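Taken in order, these protein sequences are the chains called A and B.
Every letter in the first sequence is one number past the one before it in this note's numbering, and letter 290, counting from 1, is 322.
Every letter in the second sequence is one number past the one before it in this note's numbering, and letter 65, counting from 1, is 390.
All residues carry an ideal CB built from backbone N, CA and C; glycine is no exception.
Since the structure is predicted, the reported quantities are computational estimates derived from the model, not experimental observations.
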Amino acid sequence: MTTKTVNFTVHHVARIEGHGNIIVNAKDGKIEEVKWEVPESPRFFESMLRGLSYSDVNFVAPRICGICAVAHATASIEATEAALGVKLTEQGALIRELLFDAETVTSHVLHTYFLVAPDFLGVGSVIPLAATHTDVVLRALRMKKFANNWADMLCGRKTHPISMVAGGFVKWPEIEQLKSLKEALEGQYMQDLDITVDLFKTLKFPDFTRETEYIALFRPDKYSFIGGAIGSTDCKPMPINDYLKVTNEFCVPWSTAKFTKHLRDSYQVGALARFNINHDKLHPKAKKVAQIFGLKAPCYNPYFISVAQLVETVHAVENSIMILDKLLTKGIKQEKPEVKVKAGRGVGAVEAPRGILFHDYTFDDDGKCIAANIIIPTNENHNSIQHDFEKLLPEIIDKPQDQIKLAMEMLVRAYDPCVSCSTHMLEVKFK
Amino acid sequence: MKPRVAFFDFTGCEGCQLEVLNFNLEIVDLITAVDIVEFREASSDHSDNYDIAFIEGSITQEKDIARIQDIRSKAKVLIALGACACTGGVNSLKNYYPMEENLKLVYGENAKWYKTIPTRPVHGVVPVEFFLHGCPPNRVEVVRLIKCLLTGKKFEQCPNPVCVECKLAENICAFERGEFCLGPVTRGGCNAVCVTAGRKCWGCRSLVDEPNTNSQKDLLAKYGLTVGDVLKQFRIFNGTLEVAKS
Chain A
33 MTTKTVNFTV HHVARIEGHG NIIVNAKDGK IEEVKWEVPE SPRFFESMLR GLSYSDVNFV
93 APRICGICAV AHATASIEAT EAALGVKLTE QGALIRELLF DAETVTSHVL HTYFLVAPDF
153 LGVGSVIPLA ATHTDVVLRA LRMKKFANNW ADMLCGRKTH PISMVAGGFV KWPEIEQLKS
213 LKEALEGQYM QDLDITVDLF KTLKFPDFTR ETEYIALFRP DKYSFIGGAI GSTDCKPMPI
273 NDYLKVTNEF CVPWSTAKFT KHLRDSYQVG ALARFNINHD KLHPKAKKVA QIFGLKAPCY
333 NPYFISVAQL VETVHAVENS IMILDKLLTK GIKQEKPEVK VKAGRGVGAV EAPRGILFHD
393 YTFDDDGKCI AANIIIPTNE NHNSIQHDFE KLLPEIIDKP QDQIKLAMEM LVRAYDPCVS
453 CSTHMLEVKF K
Chain B
326 MKPRVAFFDF TGCEGCQLEV LNFNLEIVDL ITAVDIVEFR EASSDHSDNY DIAFIEGSIT
386 QEKDIARIQD IRSKAKVLIA LGACACTGGV NSLKNYYPME ENLKLVYGEN AKWYKTIPTR
446 PVHGVVPVEF FLHGCPPNRV EVVRLIKCLL TGKKFEQCPN PVCVECKLAE NICAFERGEF
506 CLGPVTRGGC NAVCVTAGRK CWGCRSLVDE PNTNSQKDLL AKYGLTVGDV LKQFRIFNGT
566 LEVAKS
């Protein structure tokens, strides 16, 4: 029986995108309070988008998040296309997917190398690693820069996208650019990924599990990042238009970000949720990487979200090579996106790097936005983080305070929260 | 001694800090020339001792005011990084609705739990030495400012409107494509990236110092548009500017 008293607050947890606090208060070994608090300043995008034309909405909405701007742009455009009845051509769909793969890769590389790896190497950031692990840092920077350029080439600029619009793109890549992208992905990038897998293989992930409901986009034919149905480990797939029945957002007074729940107390979204639901549709090399890490569905260890991200990075590169093969065979046509404005409502759903993301817009006859609702993956995970905390803390309460702190911060970071989306995150308060 | 540099974020998307991380190989050189003592998005190291503070995001909460004043009191040089810090950016769109309405729309019956104030740029609260405009800011310009600070050279904003850079890029004029472009009155320095990528200028780098309003009026007349149309469009990134409020 422990008699330990632990009080701490991690104020503004670092190496996450946005602000969040961890509050722990335990007296004589009894946990009085453990809380995941999100004090990020509210943004009010749902209010601000009102009155803007549909194309301005698509340009402004990605400003919700600098890291997953392409995911927001894609969800925004998908919602707009659904509302206005715009059909995307095959070429448009392929380039959109190729761009989305670049988004997944950049974000996952940033997260695993820059935000997660320092914990395992015992440093506060990637900066001191530049001196001690120069090759690792240079490889991480190279991999990130490459994926960034890959996205820039397709949408004008990754943060924030320019040339992607409802109905396709206003500027299409040159065949030569696609050829050299394919060559680089098959060559240097795959090599760098192999070395990355070898590096992360040596890291020991904390042993913790909590079974919960996992939610991600589902399509019978592929590991879906754009569109499909809403899949769950607890029930049959549900139509995207019914997203509100899945998310059930609610407010808690200590957080400016909203919480969500579906069939259980909380649900998890993101790379591990996608893996648990869609693992059988991974490309061959990604499947192999999952095996190397011993990642098997269903996996209930949230620290393994980072491993699932690595698996997805490999999958996205394999997927892009397949898309590039198709594009190079068919050639690029100078299609002009066409949109006819009409009143209507539409929902778009994508798998942002951090999980399922919904944009829902209503437009008037002139194509001006009259209502908007946006549900962000990080918000969907807040409740899951809170429930993980409640299970994790009693299991580690006998450890020294700095180890408890680190385990909890690492857990939050594993979720890769993107709080400026949800609104910001991470301070740990040990009171 | 190397200058100590800190990054702080207020209300925004953190894309500006990401642009700094995206210097990639250049950032390794920069890191060796300065001491980065605070960069929460990328580092858990923390310090109150800094010379140069980069501020990302706008002031949108009461508690932001004391925080930015505190940072100002510690920093020798304060830099507004990106549109949200420089002009309020897209955050100012909320100023066109009553705050209660914004809260009610997003939080419903729980609106009373939360607070918000009208968006202000950083210089709306404390003095700012340098502005790095844009959503996101231009990487080359950010590096140029840091180099100027390190070498004691004078940093100057791009004096031309976006139009000049757009012509150098040999783009077809966005107006010719039927778009309504703010390039003629917006500060350049972005290489007209949005028009080059096939769209138009949304004015994210704010008004150029001496906008050629007459030429803009002629253009508007030519394409059947009004000054009101322009101002409304300027609101997207510059809602706190007087010209956008009418």
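- For A:Val-89, there is no enclosing beta strand (DSSP E); the enclosing alpha helix (DSSP H) has its first and last residue at 86-92.
- Ranking A:His-51, A:Ser-108 and A:Pro-369 by CA distance to the CA of A:Gln-123 puts A:Pro-369 first.
- Nearest C-alpha to A:Cys-267 among A:Leu-249, A:Lys-254, A:Ala-93 and A:Ile-258: A:Leu-249.
- Rounded to whole angstroms, A:Met-80 and B:Asn-435 show a C-alpha spacing of 19 Å.
- Under the three-state reduction of DSSP, B:Leu-457 is assigned to strand.
- If you draw a straight line from the Cα of A:Pro-432 to the Cα of A:Glu-78, it comes to about 44 Å.
- DSSP places A:Cys-401 inside the beta strand (DSSP E), whose first and last residues are 401-407.
- Under the three-state reduction of DSSP, A:Val-284 is assigned to coil, being neither helix nor strand.
- For A:Pro-74, at least one C-beta of chain B is nearer than 9 Å to its own C-beta.
- The criterion of a C-beta distance shorter than 9 Å is not satisfied by B:Thr-441 and B:Ser-383.
- Nearest C-alpha to B:Val-402 among B:Phe-332, B:Gln-541 and B:Asn-463: B:Phe-332.
- In this structure, the CA atom of A:Thr-241 is about 22 Å from the CA atom of A:Leu-147.
- By the Cβ neighbour-count rule, B:Ile-497 is exposed, with fewer than 16 other Cβ atoms within 10 Å of its own.
- DSSP, reduced to helix, strand and coil, places B:Gln-482 outside both helices and strands of the structure shown, so it counts as coil.
- Contact annotation: B:Asn-537 and B:Val-510 have beta-carbon atoms nearer than 9 Å.
- Beta-bridge partners assigned by DSSP to A:Asn-57: A:Asn-39 and A:Glu-65.
- For A:Asp-396, none of the residues of chain B pass the 9 Å Cβ criterion, the least Cβ distance being about 16 Å.
- Scanning its chain for C-beta atoms nearer than 8 Å, with the 5 sequence neighbours on each side dropped, one finds around A:Met-440 the residues Val-42, Ile-54, Val-56, Phe-421, Leu-424, Leu-425 and Val-460, in chain order.
- Linking A:Thr-164 to A:Leu-235 through their CA atoms gives a straight-line distance of about 17 Å.
- When secondary structure is reduced to three states using DSSP, B:Pro-446 falls in the coil class, being assigned neither helix nor strand.
- Scanning chain B for C-beta atoms nearer than 8 Å to the C-beta of A:Lys-293 yields nothing, as the closest lies near 16 Å away.
- Taking a beta-carbon distance threshold of 9 Å, A:Leu-142 counts as an interface residue toward chain B.
- Between the C-alpha atoms of A:Tyr-145 and B:Ala-522 there is a straight-line separation of about 30 Å.
- B:Asn-516 and A:Ile-194 have their C-alpha atoms spaced approximately 14 Å apart.
- At a cut-off of 9 Å between beta carbons, B:Phe-364 contacts chain A.
- Identification of residues in the region 79-93 of chain A having a C-beta nearer than 7 Å to some C-beta of chain B yields Ser-79, Met-80, Asp-88, Phe-91 and Val-92, given in sequence order.
- If you check the CB distance, A:Glu-383 and A:Ile-258 come in under 9 Å.
- A:Phe-201 has a beta carbon lying within less than 9 Å of a beta carbon in chain B.
- By the criterion of a C-beta distance shorter than 6 Å, A:Thr-191 is surrounded in its chain by Gly-98 and Ala-101, once the five residues flanking it on both sides are discounted.
- A straight line joining the alpha-carbon of A:Thr-288 with that of A:Leu-186 spans about 35 Å.
- For A:Pro-285, same chain residues with a beta-carbon under 8 Å away, outside a window of 5 residues either side, do not exist.
- Legend: CB atoms of the region 518-552 of chain B lying less than 8 Å from CB atoms of chain A belong to residues Val-518, Cys-519, Thr-521, Ala-522, Gly-523, Arg-524 and Trp-527.
- When rounded, the separation of the alpha-carbon atoms in A:Asn-411 and A:Phe-291 is 6 Å.
- Rounded to the nearest whole angstrom, the C-alpha separation of B:Ala-400 and A:Arg-75 is 27 Å.
- For A:Tyr-393, the enclosing beta strand (DSSP E) begins and ends at 387-395.
- Each residue's CA atom was taken as its position, placing A:His-44 and B:Gly-553 some 42 Å apart.
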